[in-house]
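Remember, my numbering sits 27 above the position in the sequence shown when you count from 1.
What follows is a short report on a single structure.
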Amino acid sequence: MKETKEFQTESKELLNLMINSIYSNRDIFLRELISNASDAIDKYKYLELTSDGKVPGKSYEIWIKTDSKNRTITITDNGIGMSKEDLITNLGTIAHSGSKEFSEKIKEAKEKNDLDIIGQFGVGFYSAFMVADRIEVKTKTLNDTGYLFVSDGLSTYTIEDVEKEDTGTEITLHLRKNTDEIDYEKYLNEYNIENLVKKYSDFVRYPIKMTVKTTKPKLNDKGEQIKDKTVEVLEDKTLNSMIPLWKKNKKDITEEDLNNFYKDNFADFDNPLLNLNLNIEGVVSFNSLVFVPSHAPFDLYSQNYEKGLKLYIKGIYIKDKTKELVPDYLKFLKGLVDTNDLSLNISREMLQEDVRLKKMSDIIENKVISALKDLKTSDNEKYQKFWNLYGEHITYGIYSSYGFKKDALADLLVYQTLNNEKPIDLKTYKENMKDGQKYIYYASGRSVEAIKLLPEIEKFKKDGIDVLFLTKELDEFAFRMMNDYDKVSFRNITDHDKEELSKEDKDKLDIAEAENKELLDNLKAALAGKVDEVSISNKLVDSPVCISTKDGLSLNMEKTINDIPNGEEKAKAIKVLEINADHALFKALDKVKGDQEKVNKYASVLYNEAMLLEGFEVEDKETFIKNLNELMLESLK
Ligand code: ADP
Ligand code: MG
Numbered sequence: 028m029k030e031t032k033e034f035q036t037e038s039k040e041l042l043n044l045m046i047n048s049i050y051s052n053r054d055i056f057l058r059e060l061i062s063n064a065s066d067a068i069d070k071y072k073y074l075e076l077t078s079d080g081k082v083p084g085k086s087y088e089i090w091i092k093t094d095s096k097n098r099t100i101t102i103t104d105n106g107i108g109m110s111k112e113d114l115i116t117n118l119g120t121i122a123h124s125g126s127k128e129f130s131e132k133i134k135e136a137k138e139k140n141d142l143d144i145i146g147q148f149g150v151g152f153y154s155a156f157m158v159a160d161r162i163e164v165k166t167k168t169l170n171d172t173g174y175l176f177v178s179d180g181l182s183t184y185t186i187e188d189v190e191k192e193d194t195g196t197e198i199t200l201h202l203r204k205n206t207d208e209i210d211y212e213k214y215l216n217e218y219n220i221e222n223l224v225k226k227y228s229d230f231v232r233y234p235i236k237m238t239v240k241t242t243k244p245k246l247n248d249k250g251e252q253i254k255d256k257t258v259e260v261l262e263d264k265t266l267n268s269m270i271p272l273w274k275k276n277k278k279d280i281t282e283e284d285l286n287n288f289y290k291d292n293f294a295d296f297d298n299p300l301l302n303l304n305l306n307i308e309g310v311v312s313f314n315s316l317v318f319v320p321s322h323a324p325f326d327l328y329s330q331n332y333e334k335g336l337k338l339y340i341k342g343i344y345i346k347d348k349t350k351e352l353v354p355d356y357l358k359f360l361k362g363l364v365d366t367n368d369l370s371l372n373i374s375r376e377m378l379q380e381d382v383r384l385k386k387m388s389d390i391i392e393n394k395v396i397s398a399l400k401d402l403k404t405s406d407n408e409k410y411q412k413f414w415n416l417y418g419e420h421i422t423y424g425i426y427s428s429y430g431f432k433k434d435a436l437a438d439l440l441v442y443q444t445l446n447n448e449k450p451i452d453l454k455t456y457k458e459n460m461k462d463g464q465k466y467i468y469y470a471s472g473r474s475v476e477a478i479k480l481l482p483e484i485e486k487f488k489k490d491g492i493d494v495l496f497l498t499k500e501l502d503e504f505a506f507r508m509m510n511d512y513d514k515v516s517f518r519n520i521t522d523h524d525k526e527e528l529s530k531e532d533k534d535k536l537d538i539a540e541a542e543n544k545e546l547l548d549n550l551k552a553a554l555a556g557k558v559d560e561v562s563i564s565n566k567l568v569d570s571p572v573c574i575s576t577k578d579g580l581s582l583n584m585e586k587t588i589n590d591i592p593n594g595e596e597k598a599k600a601i602k603v604l605e606i607n608a609d610h611a612l613f614k615a616l617d618k619v620k621g622d623q624e625k626v627n628k629y630a631s632v633l634y635n636e637a638m639l640l641e642g643f644e645v646e647d648k649e650t651f652i653k654n655l656n657e658l659m660l661e662s663l664k
């Protein structure tokens with residue numbers, strides 16, 4: 028019986044894009060179909076190897092056939108095949124990422140005319156509609172009849188029962204008609220096909236075969252060559268080299284091989300930023316290829332993002348995205364692990380608990396960290412690119428381990444600073460510290476520009492002491508977790524802590540505060556509920572006021588915590604309004620210190636001024652403006 032069905036909406040959308048050739052690299056359809064064929068054989072082979080002889084083995088092959096007369100190209104595999112259900116869910120929908128997010132990304136890409144982004148998706152089976160206007164899929168699984176799926180890629184497809192002998196799938200593409208711009212018939216040319224297979228599918232572990240015409244010298248009856256005579260013969264030829272890249276001798280692998288492998292296998296058009304080829308022998312033994320993509324995976328920040336590396340056991344594909352193989356903070360890594368240490372029969376549940384995976388993950392983590400450290404010295408520009416893309420993940424690694432990983436990760440951190448054009452690392456900061464400088468100073472804010480406006484920065488500028496600029500929300504939290512770098516403590520320049528002062532300076536401050544007790548007390552009374560203390564500042568040069576905090580929770584941290592939606596407990600920083608005793612305003616204020624009503628107004632204006640300078644908003648705009656206006660009027664009288 029022949030049934031007609033509608034494609035799922037998202038699939039239609041994608042089909043439309045494919046058909047309208049929005050996706051410019053048409054060649055990749057072949058890679059996609061071959062990769063599906065290879066996956067299907069992997070799955071069959073896995074069944075065979077785990078079935079105690081119940082599922083018969085066979086000689087696994089992928090065949091490509093072109094037919095110039097009918098203008099078709101056919102890709103055949105003897106893999107697992109698809110049931111009727113499979114056809115509907117796998118080909119009738121976007122199986123691998125049938126989410127709304129996917130179609131939204133496509134729409135977004137279309138709107139922005141950013142077609143490259145689509146290259147980041149495994150476009151898969153649908154890509155065949157770029158070159159074909161009719162596709163027939165004949166397929167059969169073990170112990171089932173065969174099915175024929177036919178579609179013109181518009182909006183519907185049909186499925187009917189059909190006779191098929193062997194398990195596996197045969198996909199026939201009816202090529203589109205050539206247009207002025209696009210030559211579809213090039214896919215009928217054996218030579219072109221061979222090149223495409225070499226380019227995209229060389230490491231597929233099964234032979235990709237094609238019957239090709241070759242010219243051979245013509246032989247006479249005695250088997251001798253006849254001079255200048257040739258004949259055309261048909262010959263079955265294996266087009267790919269098959270040996271998986273990671274099994275090859277390291278010295279035979281070039282950077283380009285690794286880059287191509289990455290692009291072919293992880294659906295990316297750009298070379299990776301960094302690649303690692305690991306052959307590990309020891310407590311656990313495995314081969315691994317690890318890549319840092321040169322742009323963050325499009326869904327890295329979505330909840331549905333799945334981290335992990337592909338897992339092969341004894342060269343057999345087991346699963347994608349094996350999350351046990353990479354720590355959370357390195358979730359942007361792509362790659363694979365092939366090991367002989369695990370048994371093919373291991374169940375998924377057992378796999379998750381296997382300590383050997385954790386060991387592999389630890390080794391990979393260490394190798395990645397040291398490769399990044401090397402990159403920082405050998406190609407700092409590239410490292411900056413890495414940092415801009417993934418720096419926050421490294422910071423998260425420190426934070427989420429409660430500082431436990433600080434020794435491993437601290438040397439990866441780099442920051443813009445007050446005194447340096449380019450970002451520097453902590454080691455460089457430490458090496459350039461001034462004589463007698465006790466701390467590694469940092470300031471946090473939303474941007475470098477905002478930090479440069481902090482009133483507390485003036486003194487550092489004057490003294491020539493460098494300050495790290497922490498512009499990412501998590502930065503300061505990670506610093507607090509780390510506490511120090513190489514035995515030098517971190518210190519936020521907005522921290523209020525007299526302990527860091529010399530005895531002399533501290534005494535001077537204490538005396539100044541005692542002398543101005545009335546003014547300070549009255550200002551504090553005016554700002555009850557807003558600040559916890561009012562003090563004479565040792566931080567300021569030109570600005571009249573600033574706000575510092577005590578006990579490790581800064582204004583920025585307070586804001587970050589309180590901005591978390593549904594964050595339960597509200598954080599509260601201990602705030603100190605610091606006043607510059609050398610500023611003319613302070614001296615003028617001294618004259619009105621006894622008039623609490625006036626002090627209230629000045630305090631409100633000063634407090635909000637300080638908040639603005641610290642990069643925050645005026646809290647109570649109405650009162651602030653009212654006070655400001657009244658003070659203006661008074662002064663204009
Ligand atoms: P992906 O390969 O990323 O899952 P595709 O669009 O390429 O996405 O394929 C969708 C699904 O269709 C595959 O996951 C697989 O289940 C099924 N499929 C495609 N081609 C074949 C094939 N030759 N044999 C068996 N199943 C296939
Ligand atoms: Mg696929």
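Backbone N, C-alpha and C fix where the C-beta goes; we use that ideal spot for every residue, glycine too.
Using a Cβ distance threshold of 9 angstroms, ILE55 and ILE102 do not count as a contacting pair. The beta carbons of PHE152 and ASN97 sit no closer together than 9 angstroms.
Looking at ASN447, ASN393, SER474, TYR410, the one whose alpha-carbon comes closest to that of ASP434 is ASN393. Per DSSP, the continuous alpha helix (DSSP H) segment holding TRP414 begins and ends at 407 to 427.
The three-state secondary structure of MET509, taken from DSSP, is helix. The C-alpha of SER312 lies about 39 angstroms from the C-alpha of GLU500.
About 6 angstroms separates the Cβ atoms of LYS409 and LEU402, confirming a contact at the 8 angstroms cut-off. GLU376 has its Cβ no nearer than 8 angstroms to any heavy atom of the ligand MG. For ILE100, the enclosing beta strand (DSSP E) has its first and last residue at 99 to 104. Residues of the same chain with a CB within less than 7 angstroms of the CB of ASN549, apart from the 5 flanking positions on each side, are LYS620, GLN623, VAL626 in chain order. DSSP places ASN314 in the uninterrupted beta strand (DSSP E) bounded by 313 to 319. By alpha-carbon distance to GLU308, the top candidate from LEU567, GLU283, ASN367 is ASN367. When secondary structure is reduced to three states using DSSP, TYR184 falls in the strand class. Contact between LEU360 and ARG383 is ruled out by a C-beta separation of about 19 angstroms, above the 8 angstroms threshold.
Out of ILE89, LEU175, ASP279, the CA that lies nearest to the CA of THR238 is found in ILE89.
Residue pairing by DSSP places ALA470 opposite PHE496 in a beta bridge. Boundaries for ASP365: no alpha helix (DSSP H) harbours it, while the beta strand (DSSP E) harbouring it runs 361 to 366, taken from the DSSP string.
The Cβ atoms of THR199 and GLY108 do not sit closer than 9 angstroms to each other. Around the beta carbon of THR172, fewer than 16 other beta carbons lie within 10 angstroms, which makes this residue exposed.
Taking 8 angstroms as the cut-off, the C-beta of GLY151 counts as close to a heavy atom of the ligand MG. Shown here, GLY491 sits in coil according to DSSP, grouped into three states, outside any helix or strand.
Secondary structure note for ASP347: its beta strand (DSSP E) is the uninterrupted segment 343 to 349.
Cβ atoms of GLU351 and LYS385 come within 8 angstroms of each other, at about 7 angstroms. A contact is defined here as three or more CB-CB pairs under 8 angstroms, and the segment 66 to 82 fails this definition with respect to the segment 201 to 216.
If you check the CB distance, LEU363 and LEU223 do not come in under 9 angstroms. Residue pairing for LEU175: DSSP places it in a beta bridge opposite LYS165, GLU187. In the three-state DSSP reduction, TYR71 falls in the helix class (H, G or I).
Cβ-Cβ distances below 8 angstroms link ILE115 to LYS32, ILE186 in the same chain, with the five nearest sequence neighbours on each side left out; the list follows chain order. Relative to the ligand ADP, the nearest heavy atom lies less than 8 angstroms away from the CB of SER62. Around the beta carbon of GLY180, 16 or more other beta carbons lie within 10 angstroms, which makes this residue buried. A residue is called buried once 16 or more other Cβ atoms fall within 10 Å of its Cβ, and VAL558 is buried on that count. For secondary structure counted as the alpha helix (DSSP H) over 4 or more consecutive residues, the segment 566 to 599 holds these complete runs in sequence order: 582 to 590. In terms of Cβ geometry, TYR469 and PHE506 form a close pair [threshold 9 angstroms]. The ligand MG has no heavy atom closer than 8 angstroms to the beta-carbon of ASP54. Within the DSSP bridge table, the entry for ALA159 names LEU202 as partners. If you look at LYS535, you'll find it isn't in any beta strand (DSSP E); it sits in the alpha helix (DSSP H) that goes 530 to 542.
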